[in-house]
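Residue numbers (the numbering used here): -3 to 562.
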């Protein structure tokens, strides 16, 4: 075992490193004696020393290696030796098996009881290494996930011998309130939030209940549960979302909130009937991740300048185009953050209101109260608005009122489903808008897609496959064979990607493009003219981000290229 012989005490090390003063040390020692706490605990509790600095000092004092858990891979063979409950109890992570010893990352290597219990459990000698408590907790969540505890809870409700057909039988009303099912639902949701999932899918299959998380836009299988738990699990979620638990055939929508890591998270739910029973999708709306500024969206400097210029328009229509899940709402919210809320009356109509703003009036679509996008817009027009945000232009009435509002002195922002900026024109025509009205009202269109970011912790230059090289050369007119790819680390859950950014194309209407729109010019001609006037197409914007090492050619091919164009 690594020697823990102290050459200097902790206070001396902190003094020599300039982390504390003599007076602070003396005061902390007094408090330590009075309260019966360790010196390290007192120093952190009173904010004298940052936890990261203290961890470094402890490493020096105990002569124990300090490691960065985000860069070290936890070996499955080591992980299997320590159960999740014990790892959480002592805040430790088994890292690797080295000879006859188990290397364990600890926040408190001085905890003799923990080392003894870990050694007894693993039947091996324990070799402690040190890391910050926060990094260890994150590593526990990442590596143990919640599967072990979920399986334990499920076993109390659905024995392995349970037959699949039992899942469709009626369940006792009080079963959905039992601790195991409540805890199972909480664990599934909490783990999804910890893993940065935007959606959780709970889907019955022929022989299992599949649970998947959508992380950075891609779905991942995370666990399989017995079908016997399907009915109580769905019922529990319906109760939380205030749905009708007796209704199983008709689709339902609902919403509830949970507390995770000290913050409020809204969950939107939707159910649907399938061949194997009800499926449910949970959309996670984490408010702390959504209030981005325009520069944080991923706009390149020239694109950002063009868009900010559009937002300065006193009136007119600005559209954000893209498919479902392309980040349109986030862009609209970032745009509202850019606008002056003190001297302008900003009113929104949304379905649903995903995030709430201060100093902005937000209206929720409610068909039961006859508040549709169209009716709500008519009411908004009588409330003296300066800026109107329409969640989505999805029907002719909404589009017509929105265009009229833009023509009568209001700045109107909205989203629309279209593949690219020029495609937004066709979509408006399909909704019954006359070309001359569209050309007069529109200020510009922003089209966008989301791509995954290369993990900054493990990225490295690697040879690209031929298809990616050809796609890059086609857009950038230059040959390149190597690009940045993530190798996979603990920070990115071995995926090579961490987080997402957007790729954009911004079409600002000019006299020439307005004239082409009115005369019915083909879409490819309008697009060519827009590019001539400075529009950077989606694909090129994506490849510019590839050039900067932000994303990969694969992501641009996956998210941006249209069928037949790659």
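C-beta atoms are modelled at their ideal positions from N, C-alpha and C, and glycine is treated no differently.
Because the structure is a prediction, the values reported are computed rather than measured.
Item                                                                                                                                   : Value
Length of the line joining the Cα atoms of residue 556 and residue 120                                                                 : 52 Å
CB contact flag (residue 189, residue 126, <8 Å)                                                                                       : no
Sequence-distant residues of the same chain with beta carbon closer than 7 Å to residue 402, five excluded per side                    : 311, 312, 313, 408 and 437
Bounding residues of the alpha helix (DSSP H) (the contiguous stretch that carries residue 519)                                        : 519 to 528
Within 8 Å, strictly: CB atoms of residue 204 and residue 197                                                                          : no
In chain order, each alpha helix (DSSP H) run of at least 4 residues that lies wholly inside the stretch 225 to 301                    : 226 to 236
For residue 115 and residue 96, the rounded distance between their alpha carbons                                                       : 11 Å
CB of residue 317 within 8 Å of CB of residue 442, strictly                                                                            : yes
Per DSSP, the bridge partner or partners of residue 344                                                                                : 358 and 385
6 Å CB neighbourhood of residue 66 in its chain, flanking five on each side removed                                                    : 453, 486 and 487
Per-residue burial, residue 432 [other beta carbons within 10 Å of its own, 16 or more giving buried]                                  : exposed
Status (buried if at least 16 other CB within 10 Å, exposed otherwise) for residue 346                                                 : buried
Where residue 544 falls, given that 16 or more other Cβ within 10 Å makes a residue buried                                             : exposed
Cβ-Cβ distance between residue 411 and residue 387 below 8 Å                                                                           : yes
Residue 113 in three-state terms, based on DSSP                                                                                        : helix
Beta-carbon proximity of residue 535 to residue 493, cut-off 8 Å                                                                       : no
Rounded straight-line distance, which links the Cα of residue 247 to that of residue 64                                                : 47 Å
Same chain only: Cβ atoms within 7 Å of residue 45, ignoring 5 sequence neighbours per side                                            : 10, 15, 16 and 39
Length-filtered (3 minimum) beta strand (DSSP E) runs lying within the stretch 458 to 498                                              : 478 to 482
Separation of residue 265 from residue 232, as counted between CA atoms                                                                : 12 Å
Cα-Cα separation, residue 391 to residue 140                                                                                           : 47 Å
contact_flag[the stretch 207 to 221, the stretch 241 to 261] where n(CB pairs < 8 Å) is 3 or more                                      : no
6 Å CB neighbourhood of residue 502 in its chain, flanking five on each side removed                                                   : 299, 302, 303 and 442
Beta-carbon proximity list for residue 475, same chain, < 6 Å, skipping 5 on both sides                                                : 469
Nearest to residue 381 (by Cα), restricted to the options 191, 109 and 344                                                             : 344
Residues bridged to residue 216 (per DSSP)                                                                                             : 209
Whole-angstrom distance between residue 500 and residue 537, CA atom to CA atom                                                        : 6 Å
Inter-residue Cα distance where the pair is residue 291 and residue 87                                                                 : 38 Å
Closest by C-alpha distance to residue 542, when choosing among 489, 308, 512 and 296                                                  : 296
Buried/exposed call for residue 560, threshold 16 Cβ in 10 Å                                                                           : Because the pLDDT of residue 560 is 39, which lies under 50, any placement of that residue in the model is unreliable, and the number read from its coordinates should be weighed accordingly. That one is exposed.
Burial state of residue 73, where buried means 16 or more other Cβ atoms lie within 10 Å                                               : exposed
Simplified DSSP state of residue 188, which is helix, strand or coil                                                                   : helix
Residue 498 versus 520, 478, 533 and 177, residue with shortest Cα-Cα distance                                                         : 533
Contacts around residue 234, its chain only, beta-carbon distance under 6 Å, and the 5 residues preceding and following it disregarded : 241
Contacting residues, own chain, Cβ-Cβ under 8 Å from residue 522 (five flanking each side not counted)                                 : 418, 421, 509, 512 and 513
Residue from 490, 550 and 480 whose Cα sits closest to the Cα of residue 446                                                           : 550
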